[in-house]
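Worksheet: one structure, shown below.
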Amino acid sequence: MISLAGRDILHAWGKFVFTGIGLGLLIGVTLTMAGVYRGMVDDGRALLDNSGADLWVVQKDTLGPYAESSSVNDDVYRSLLAMPGIAQAVNVTYLTMQVRRGDSDVRAMVVGIAPGELGTPGWPPYLVAGRQITRGHYEAVADIASGFRVGDRLTIRRNHYVVVGLTRRMVSSSGDPMVFIPLKDAQEAQFLKDNDAIWQSRRRTGANPAFNRPGVPDLLDAVIASQSTNAFVNAVLVTIKPGHAPDEVARSVGRWKRLTAYTRLQMEDILVGKLIATSARQIGMFLVILAVVSAAIVAFIIYTLTMDKIREIAVLKLIGTRNRTIAAMIMQQALALGLIGFVVGKITATFAAPLFPKYVLLVPFDSIAGFFAVLAICVLASVIAIRMALRVDPAEAIGG
Amino acid sequence: MSSKGIRIEGLKKRYGGGDTAVDALKDVAMDVAPGEVVGLIGPSGSGKSTLLKCLGAVIDPTAGRMTLGDEVIYDDGWKVRDLRALRRDRIGFVFQAPYLIPFLDVTDNVALLPMLAGVPNAEARAQALELLTALDVQHRARAMPAQLSGGEQQRVAIARGLVNRPPVILADEPTAPLDSERAMAVIRILNDMACKFETAVIVVTHDEKIIPTFKRIYHIRDGVTHEEAGEGRGFA
Numbered sequence: 023m024i025s026l027a028g029r030d031i032l033h034a035w036g037k038f039v040f041t042g043i044g045l046g047l048l049i050g051v052t053l054t055m056a057g058v059y060r061g062m063v064d065d066g067r068a069l070l071d072n073s074g075a076d077l078w079v080v081q082k083d084t085l086g087p088y089a090e091s092s093s094v095n096d097d098v099y100r101s102l103l104a105m106p107g108i109a110q111a112v113n114v115t116y117l118t119m120q121v122r123r124g125d126s127d128v129r130a131m132v133v134g135i136a137p138g139e140l141g142t143p144g145w146p147p148y149l150v151a152g153r154q155i156t157r158g159h160y161e162a163v164a165d166i167a168s169g170f171r172v173g174d175r176l177t178i179r180r181n182h183y184v185v186v187g188l189t190r191r192m193v194s195s196s197g198d199p200m201v202f203i204p205l206k207d208a209q210e211a212q213f214l215k216d217n218d219a220i221w222q223s224r225r226r227t228g229a230n231p232a233f234n235r236p237g238v239p240d241l242l243d244a245v246i247a248s249q250s251t252n253a254f255v256n257a258v259l260v261t262i263k264p265g266h267a268p269d270e271v272a273r274s275v276g277r278w279k280r281l282t283a284y285t286r287l288q289m290e291d292i293l294v295g296k297l298i299a300t301s302a303r304q305i306g307m308f309l310v311i312l313a314v315v316s317a318a319i320v321a322f323i324i325y326t327l328t329m330d331k332i333r334e335i336a337v338l339k340l341i342g343t344r345n346r347t348i349a350a351m352i353m354q355q356a357l358a359l360g361l362i363g364f365v366v367g368k369i370t371a372t373f374a375a376p377l378f379p380k381y382v383l384l385v386p387f388d389s390i391a392g393f394f395a396v397l398a399i400c401v402l403a404s405v406i407a408i409r410m411a412l413r414v415d416p417a418e419a420i421g422g
Numbered sequence: 099m100s101s102k103g104i105r106i107e108g109l110k111k112r113y114g115g116g117d118t119a120v121d122a123l124k125d126v127a128m129d130v131a132p133g134e135v136v137g138l139i140g141p142s143g144s145g146k147s148t149l150l151k152c153l154g155a156v157i158d159p160t161a162g163r164m165t166l167g168d169e170v171i172y173d174d175g176w177k178v179r180d181l182r183a184l185r186r187d188r189i190g191f192v193f194q195a196p197y198l199i200p201f202l203d204v205t206d207n208v209a210l211l212p213m214l215a216g217v218p219n220a221e222a223r224a225q226a227l228e229l230l231t232a233l234d235v236q237h238r239a240r241a242m243p244a245q246l247s248g249g250e251q252q253r254v255a256i257a258r259g260l261v262n263r264p265p266v267i268l269a270d271e272p273t274a275p276l277d278s279e280r281a282m283a284v285i286r287i288l289n290d291m292a293c294k295f296e297t298a299v300i301v302v303t304h305d306e307k308i309i310p311t312f313k314r315i316y317h318i319r320d321g322v323t324h325e326e327a328g329e330g331r332g333f334a
């Protein structure tokens, strides 16, 4: 038996191909949206992977440092290092801000990293150009997505930095590229004010009789000095010694240090389950809407194509064609349309993904799931046309 | 009359019920022998199309008896379980317009019926080509319907109606869209094919040009058929 659907498609291939391309662009948007979600999740995981930590020690009862603000004293790491099971404890700060380069600026997450060497938690684990930070101040390593190049001069608050190295896939959970600078500079940057503000603050402190006591001449200087330094970091990144369970060490930190410690799994749950959950629901809604629109388009196209063949269907029924042959013809056409659409959509998504400003991750599972979803939608969408075709009276082929 | 071909006795068809019931066919009797071509003529609303639909097993008659060959296919109810197979294998249709399937070439338009009946594609196409040759359109075997002239399309439609060697062909105004010359050619082909394949052919027509060619004519008026001898002039 010849394929009626195949012959019809070959006969009107132009109509099919152009319709398939239109549908394919819609499917491409759908796959890209799924890729945007996957990219957000992967950004979150990359953030955790690249930090090199087994535990994140943060301010008590906060979800910091990525989901909430967290502030811990910068000397806490010393007491953590004395605890059983802890191999490394390193301060880190995170500050999302506009980093200026010349007349333009880039939104970036500025990471303050403690002095150390490659492999120290918080440090970029690899570079694609240049070198790591070796000086205590005013050097930076930037993610390549920021657009910075080795040798560029950046401005963070009032200080200037030279980009000495470039790294890749070091982004915040919201996809902003990271710029690594020395910890002390980052601590300063978090609270650094302009000169007028500093002057006003000193004036207010000096006018306060509680701080400016004639009988205690050094008190005012001490208070002002404490106001112009920052002794806090956002978190302490901890690595665990072999043979120790991260959960047990985290519980121990929480119990004895009055801090909160998260394991890798808990932090991933915070990032994926809480931080990007709303975005995920938003994207999910888009996916549902796009699926419904795709189904409506396929249904309309197949319905129209079937309506165009009503007389032929009546003739086919009159000359003894089985209902299932006619239904199969319509369904095969819908599936062919879906197949063309999926191929076009997959190609579109593959070529469009790198053009997006944020990371779009197209995973094979989504493609396979998308393929079967498209087929299912096409089958469902063809039901209306099939019902109409099966209701066609073969007597319509006979005049009168 | 003959015991083969198609015989109809006391066929009735009523649409609706109660006060609004319409008797489209009141008493139809026909007997068409194998190899015979008869005309069925009548004014609009006389019941021609209803009779054709009943004969084509497309609608159910209300009462009566139909015999196809030696087999009673209707006797106050269908005696054949699969009407679709009956239409496919034992009744050929030729329509007012050719109604060829636009996305199949000429050969496959004709070969489709045997393919639907389960005949292998190559064999079905061979049968189709044999008929196309008999109808002198074998040179357009690979053409698409849109590439054919009106006369060629109608000849292909006749080939489709004949391909399963049905004992009866129902032709619904097959010459309506054609000029005199082509109309006569189509009727000649139907006569030739009826003789060649021992097929009973019923031609519903209004066409004054072809009516004189029938040896027997059934007039239908108000749902009742009357048989009369035709001129049977044959073909010039």
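Heads up: the protein sequence lines correspond to chains A and B, in order. If you're matching positions, the first sequence starts at 23 in my numbering and goes up one per residue. If you're matching positions, the second sequence starts at 99 in my numbering and goes up one per residue. Note that beta-carbon positions come from the ideal geometry of N, C-alpha and C, so glycine has one too.
Per the DSSP calculation, B:W176 is bridged to which residue(s)? B:Y172
Starting from A:L384 and walking both ways along the alpha helix (DSSP H), at which residues does that stretch end? Per DSSP, A:L384 belongs to no alpha helix (DSSP H) and is neither H nor E.
Residues within the stretch 390–420 of chain A neighbouring chain B, beta-carbon criterion of under 7 angstroms: P416, A417, A419 and I420
Cβ distance (whole Å) where A:I341 is taken to contact B:R185 below 8 angstroms: 6 angstroms
If you measure beta-carbon to beta-carbon, which residues of the stretch 332–343 of chain A are closer than 9 angstroms to chain B? R333, E334, A336, V337, L338, K339, L340, I341, G342 and T343
Where does the unbroken alpha helix (DSSP H) through A:I319 begin, and where does it stop? A299 to M329
Chain B within 8 angstroms of A:I431, Cβ atoms only: This structure cannot settle anything about residue 431 of chain A, because the visible part of chain A is limited to 23 through 422.
Assuming B:V284 and B:T273 are in contact, meaning their beta carbons sit under 8 angstroms apart, how far apart are those beta carbons, in whole angstroms? 5 angstroms
Length of the line joining the Cα atoms of A:L32 and A:M410: 23 angstroms
List, in order along the chain, the chain A residues whose C-beta lies closer than 9 angstroms to that of B:K102? Those within 9 angstroms of B:K102 in chain A number zero; the least Cβ separation is about 22 angstroms.
With DSSP as the reference, identify every bridge partner of A:I178, one or two as the case may be. A:N181
Check whether the Cβ of B:S144 lies closer than 8 angstroms to any Cβ atom in chain A. no
By how many angstroms is the C-alpha of A:I390 removed from the C-alpha of A:I203? 42 angstroms
Output yes if chain C places a C-beta closer than 8 angstroms to the C-beta of B:Y197; else output no. The chain inventory of the structure shown lacks chain C, comprising the protein chains A and B.
Using only alpha-carbon positions, find the residue among B:V302, B:P196 and B:A222 that is nearest to B:R263. B:A222
B:I308, DSSP secondary structure in three states: coil
Please determine, among B:A220, B:D129 and B:G114, the residue with the shortest C-alpha to C-alpha distance to B:A122. B:G114
Here's the rule I'm using: 16 or more other beta-carbon atoms within 10 Å means buried, otherwise exposed. How should A:Y148 be labelled? exposed
Under 8 angstroms: do the stretch 73–93 of chain A and the stretch 180–188 of chain A share three or more Cβ pairs, one atom per stretch? no
Assign A:W35 to one of two classes, buried (16 or more other C-beta atoms within 10 Å of its C-beta) or exposed (fewer than that). exposed
Is B:V204 closer than 8 angstroms to B:L230 when the C-beta atoms are compared? yes
As assigned by DSSP and simplified to three states, the class of B:Q245: helix
Quick one: what does DSSP say A:W78 is sitting in, helix, strand or coil? strand
Any chain B beta carbon closer than 8 angstroms to A:D30: yes
Kindly list, in the order they appear in chain A, the residues whose Cβ is closer than 7 angstroms to that of B:V156. L340, P416, A417 and I420
B:A241 at chain A interface by Cβ criterion, 8 angstroms: no
Runs of alpha helix (DSSP H) wholly within the stretch 243–305 of chain A (minimum 4 residues, chain order): 268–279 and 286–290
For A:F40, collect the residues of the same chain with a Cβ closer than 7 angstroms to its Cβ; drop the 5 residues on either side in sequence, then sort them by chain order. none
Looking at the structure shown, is A:T115 part of a helix, part of a strand, or coil, going by DSSP? strand
Say whether the stretch 242–260 of chain A touches the stretch 214–233 of chain A, bearing in mind that this needs 3 or more beta-carbon pairs closer than 8 angstroms, one atom from each stretch. yes
Alpha helix (DSSP H) segment containing B:S147, residue limits: K146 to L153
Residue from A:L397, A:I352 and A:I319 with nearest C-alpha to A:D330: A:I352
Segment limits, beta strand (DSSP E) that includes B:S278: Looking at the DSSP string, B:S278 is not in any beta strand (DSSP E); the run it does join, the alpha helix (DSSP H), is S278 to F295.
Quickly, what does DSSP pair B:Y316 with across the bridge? List them, please. B:L138 and B:E325
Can you check whether the CB of A:R286 is closer than 8 angstroms to the CB of A:L69? no
Please identify the residue among B:V135, B:K102 and B:V254 whose C-alpha is closest to the C-alpha of B:C293. B:V135
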